[in-house]
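Asker:
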Amino acid sequence: MTKFDLYKGTSKVQSSVDSPIVISDLTPETQYDDYSVSYAGNEEKTPVSFKTEAQKKVSVTGVTVSPKTIAMKVGEAKQVAGVISPESATNKGMTYLSENEAIVTVAS
């Protein structure tokens, strides 16, 4: 199988890799003009230009809070944790709020 070397600018960033060549840590919606490839061990490089696509948004389908219920005494502190599904959701941010702060307050 043919092997390739990948360069970013003048620096070799991958050596003797198979096709297709995978480049990690790219920014969505960005034009890249500073890459080139060569047959492994060959000095003659071919410039490569490409633009990355917009990041696909993955919607949250569920939130699981654990524990589901808590019994507390005055002055007692308890901890809850939330898990967002799916794990690949684009926005995994969570905000914890109290429906009635006269009964219970929430600290993050």
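In full-length UniProt numbering, the protein residues as written are 1 to 108. For each residue, glycine too, the CB sits at the ideal point set by N, CA and C.
(1) In or out: L6 buried (at least 16 other Cβ within 10 Å) or exposed?
(2) Pick from S11, E43 and S24: whose alpha carbon is nearest that of D34?
(3) Pair every Cβ in the stretch 79 to 87 with every Cβ in the stretch 43 to 52, then say whether three or more of these pairs are closer than 8 Å.
(4) Is it a yes or a no for the stretch 57 to 77 touching the stretch 39 to 47, going by three-plus beta-carbon pairs under 8 Å?
(5) With distances taken between CB atoms, is the gap from S16 to K3 smaller than 7 Å?
(6) With distances taken Cα to Cα, identify the nearest neighbour of D18 among L26, Y32, T30 and M1.
Answerer: Working from what's here:
(1) Taking the sequence shown and counting its residues from 1, the one referred to as residue 6 is at position 6. With 16 or more other Cβ atoms within 10 Å, it is buried.
(2) Within the sequence shown, numbered from 1, the residue matching residue 34 stands at position 34. S11 is the residue among S11, E43 and S24 whose C-alpha sits nearest the C-alpha of D34.
(3) Proximity of the stretch 79 to 87 to the stretch 43 to 52 falls short of the contact definition, fewer than three beta-carbon pairs being nearer than 8 Å.
(4) The answer is no - the stretch 39 to 47 does not touch the stretch 57 to 77, with fewer than three Cβ pairs under 8 Å.
(5) Here residue 16 refers to the residue found at position 16 when the sequence shown is read from its first residue. Here residue 3 refers to the residue found at position 3 when the sequence shown is read from its first residue. It is a contact, given that the beta carbons lie within the stated cut-off.
(6) For the purposes of this step, residue 18 is identified with residue 18 of the sequence shown, where counting begins at 1. Among L26, Y32, T30 and M1, the Cα nearest to that of D18 belongs to M1.
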